[in-house]
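Structure first, commentary second.
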């Protein structure tokens, strides 16, 4: 049976300020109500498969788990990479885990940040790929392109197999220039490299051991020491850090003699930038794609993402306008790929906007930093039903909580009390305290912090149901 392995790492810097380090594009709703990760999972409906296995970064673990919970699915575990080591090691971890049960699972490796409009065509390609993977082949999916694209690598097909539904891979090629891309498209022998694969876990490990024994050995050592924490699977950090950083293409697919490609024509996009997002978004009669609070006059071929604030455009064309709570981007659509240069500048200046949104998600809910100044900060906090923040203490700040809706159960040192709508409570500096939502609806409150230092690292945790207490 198929074991879907969804890779949900990556930072998506070319979609800044929507996508940021602590909340990258795979967790965003860019072209519908579901996030890209959730769409990837939903795309599997109709295919008989085992529980989905997810691979993501440590800092994104609670976001990933919550988005799977919202779908109501039972997953097969969330692997947490101690550090990013590219796709070859990540897939190796999944393969080693799959064979632990003596079940040589069929891995379907997918990226969490792809858009595929035609689910039926995607599933048909998966069925064809399974036939070949059962024969020991390592299958990749080649996208049938509709234009010369310089942003993707390509796969050149060779001999036809499986009644011309698939082809032996002749070679993988790097991202071409425009002239070369046009030649590829005209030949009809090249496909875009999708970064999706299917093979048996044992076959992948066999090929990895032959062609990159260093990666194989490092991942085998890493997974030999597993620590399961709630939904999450952690591996040996030192062993994984010693693993080389390498993609599956370089490590295995370009070297194996058993690589085959299945052509896929399913409206695929990796949404690598705002121009690509505009192309896959629903557009009005003027070629505009709007999301959020937007008003437009004499506007054409423009992409606008509005947050809470109204975005109004007059007499503009071919623009990308993104308005978030703490940053605004305006770019010409043809220059949208260069957003990454802005991100690099922000990194060099150590600006928080490159990593954090104003609204930050936590395992218990979220908070929105509404205002701040010298010695004070105001946040709007939302706590999910049944959730509890850690038992903690601050050395440098006091806090004042005002409940807007719902009921809060508050611990301050050795006392507990319930605080309801229009009531407030004061937390002195160094007081050991905790906040819990005992109700069945969201708890909304305003937190006013005051003190000499207001950083998030001024938190000493004593107890935490989400495993965030150091040394325990």
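In my numbering, the protein residues as written are 507 to 978. Built from N, CA and C at the ideal position, the CB exists for glycine as well. Since the model is a prediction, treat every value here as computed from it, not as a measurement.
Contact check for residue 644 against residue 702 fails: the beta carbons are separated by 8 Å or more. Residue 864 carries a coil assignment under DSSP once its states are collapsed to helix, strand and coil.
Below 8 Å, enough C-beta pairs join the stretch 823-843 and the stretch 773-786 to call them touching: three or more.
For residue 870, the closest C-alpha among the options 944, 741 and 585 is that of 944. Taking a C-beta distance under 8 Å as the contact criterion, residue 683 and residue 646 do not qualify as a contact pair. Residue 901 sits in coil when the DSSP states are folded into three classes, being neither helix nor strand. One thing to note: residue 968 has its Cβ within 8 Å of the Cβ of residue 897. Looking at 773, 815, 736 and 704, the one whose alpha-carbon comes closest to that of residue 764 is 704.
Residue burial annotation: residue 813 is buried, with at least 16 other C-beta atoms found within 10 angstroms of its C-beta. Residue burial annotation: residue 959 is exposed, with fewer than 16 other C-beta atoms found within 10 angstroms of its C-beta. Within the same chain, and ignoring the five residues on either side of residue 640 in sequence, the residues whose Cβ sits closer than 8 Å to its Cβ are 612 and 706. Look at residue 907 here: in three-state DSSP terms it is strand.
Taken in chain order, the complete alpha helix (DSSP H) segments of 4 residues or longer contained in the stretch 536-568 are 542-548.
By the 16-neighbour rule on beta-carbons within 10 angstroms, residue 523 is buried. Annotation: residue 667 to residue 674 spans about 7 Å, alpha carbon to alpha carbon.
Taking a cut-off of 8 Å on C-beta distances, the stretch 860-868 touches the stretch 831-840, as three or more cross pairs fall below it.
The Cβ atoms of residue 546 and residue 620 lie closer than 8 Å to each other. Close CB contacts of residue 727 within its chain, under the 7 Å cut and outside five residues either way in sequence, are with 742 and 745 (chain order).
Contact annotation: residue 511 and residue 597 have beta-carbon atoms nearer than 8 Å. Between residue 699 and residue 756, the gap from beta carbon to beta carbon reaches 8 Å or more.
The beta carbons of residue 805 and residue 822 sit closer together than 8 Å. Assigned with DSSP and collapsed to three states, residue 753 falls in coil, not helix or strand. With respect to the 8 Å criterion, residue 695 and residue 718 are not classified as neighbours on the basis of their beta carbons.
Remark: three or more beta-carbon pairs, one from each stretch, lie closer than 8 Å, so the stretch 543-563 and the stretch 572-585 are flagged as touching. Secondary structure note for residue 850: its alpha helix (DSSP H) is the uninterrupted segment 845-854. Straight across, the Cα-Cα distance linking residue 933 with residue 797 is about 40 Å. Taking the Cα of residue 507 as reference, the smallest distance to any Cα among 520, 637, 533 and 539 is reached at 637. With contacts defined as CB atoms closer than 8 Å, residue 906 and residue 936 fail to qualify as a contacting pair. The Cβ atoms of residue 758 and residue 710 lie closer than 8 Å to each other. By a beta-carbon distance limit of 8 Å, residue 729 contacts residue 602. Their separation comes to about 5 Å. Taking the Cα positions, residue 886 is about 10 Å away from residue 908. Between the beta-carbon of residue 860 and that of residue 651 there is about 32 Å, and that puts the pair past the 8 Å contact cut. Taken atom to atom, the span from the alpha-carbon of residue 778 to that of residue 600 is near 25 Å.
In the structure shown, residue 759 adopts helical secondary structure according to DSSP, grouped into three states. Just measuring C-alpha positions, the residue of 715, 553, 531 and 738 sitting nearest residue 564 is 738.
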